[in-house]
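Data first, discussion second: the structure below is written as structure tokens.
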Amino acid sequence: MSFPERILAATFDGRADQVRQARRCLTSWLNPSHPVADAAELLLSEAFTNSTLYAARGAAIEVRARLSGSLLHVQVIDPGGASEPVLQAPSAEAEGGRGLALLDLTAKEWGHDRLGDGRLRVWFTLGF
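Okay, structure coming up:
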């Protein structure tokens with residue numbers, strides 16, 4: 050199944066209560082019945098939540114998505130924090146710390162990088 054190219058660009062306040070709004074925006078743009086809608090929503094939620102936890106409080110968080118052919122590429126861009134994202138296995142008792150592990154298990158590809166202006170970009174790709 051292949052879809053025509055489409056682009057999404059949206060900006061949200063970097064607050065935990067905006068995670069739901071970002072998910073809704075992506076799912077609505079993509080279409081709830083799209084083959085990767087559930088996975089995209091989950092992974093966006095994890096990446097956006099990390100941005101609210103580790104970037105400057107309340108600073109803008111950008112969500113960008115590109116649907117092209119049989120790939121969905123999503124980026125979450127925030128002002129960046131003091132450290133880089135690190136994939137690690139949380140303890141069984143930990144209440145958090147599984148976001149990057151979910152990206153690693155679910156996405157076709159994922160990664161992070163610093164933009165020229167110092168902002169942090171976390172991205173993932175889903176195939177269908």
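Numbering-wise (my numbering), the sequence shown opens with residue 50 and increments by one. We put the beta carbon where it would ideally sit given N, CA and C, even for glycine. Nothing here was measured: the structure is a model prediction, and the numbers come from that model.
#1: Please specify which runs of the alpha helix (DSSP H), each continuous and at least 4 residues long, are wholly inside the stretch 56-122, giving them in chain order.
#2: Counting along the chain, where does the beta strand (DSSP E) carrying Leu175 start and finish?
#3: Out of Ala108, Val123, Thr98, Pro134, point me to the one whose CA is closest to Thr78's CA.
#4: Give a yes or no on whether the C-beta atoms belonging to Gly130 and Ala88 are separated by under 7 Å.
#5: For Ile110 versus Arg168, is the C-beta spacing smaller than 7 Å?
#6: Hey, could you find the ends of the alpha helix (DSSP H) Gly148 is sitting in?
Per the coordinate set shown:
#1: Segments of the alpha helix (DSSP H) lying fully in the stretch 56-122: 68-79, 86-103.
#2: Note, Leu175: beta strand (DSSP E), 169-176.
#3: Reading off the sequence shown, one finds Trp at residue 78, where the question assumed Thr. Closest option to Trp78, Cα to Cα, is Val123.
#4: It is not a contact, given that the beta carbons lie outside the stated cut-off.
#5: No, the pair does not count as a contact, with Cβ atoms beyond the cut-off.
#6: Gly148: member of the alpha helix (DSSP H) spanning 148-155, first to last residue.
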